[in-house]
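Chemist:
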Amino acid sequence: MAKVCDITGKRPRVGNNVSHANNKTKRKFYPNLHKKSFYIPEEDAWITLKVCTKALRTINKKGVSAVLKEAQEKGMIIIK
């Protein structure tokens, strides 16, 4: 299962763990993803998306239909 947001396209980032002695080892910063079901009244259907918390806030603000339309225009999601 890829750790990528369906709406924003956020992916894991690479960085360093830094110890008290300033030793650096590689690590990954993962996006805060959640599997969430959304109801689309225009299609009378439920869809399940893997979204980060920033995308959830955007969906709460603009609505799921508007956010899906924007994501489709950007090429992040394909709606049939």
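Sequential numbering from 10 applies to the sequence shown in our numbering. Just so it is clear, CB atoms sit at the ideal spot from N, CA and C, and this is done for glycine as well.
1. For Arg22, which three-state DSSP category applies?
2. Quickly, what does DSSP pair Leu42 with across the bridge? List them, please.
3. Going by DSSP, which residues form a beta bridge with Lys33?
4. Report the option in Arg66, Phe38, Ser46 and Pro50 whose CA atom is closest to the CA atom of Lys59.
5. In the DSSP assignment, what residue or residues form a beta bridge with Ala54?
6. Quick check: the stretch 49-68 against the stretch 30-39, are at least 3 beta-carbon pairs closer than 8 Å?
7. Return the CA-CA distance between Lys73 and Ala30, expressed in angstroms with no decimal places.
Modeler: Inspection of the coordinates gives the following:
1. It is a strand residue.
2. Beta-bridge analysis with DSSP links Leu42 to Cys61.
3. DSSP lists Val27 as partners of Lys33.
4. Answer by Cα proximity: Ser46.
5. By DSSP's assignment, Ala54 forms a beta bridge with Ile49.
6. With a cut-off of 8 Å on Cβ pairs, the stretch 30-39 is not in contact with the stretch 49-68, counting fewer than three such pairs.
7. In the sequence under discussion, the amino acid at residue 73 is Val, which differs from the Lys named in the question. If I take the Cα positions, the gap works out to 47 Å.
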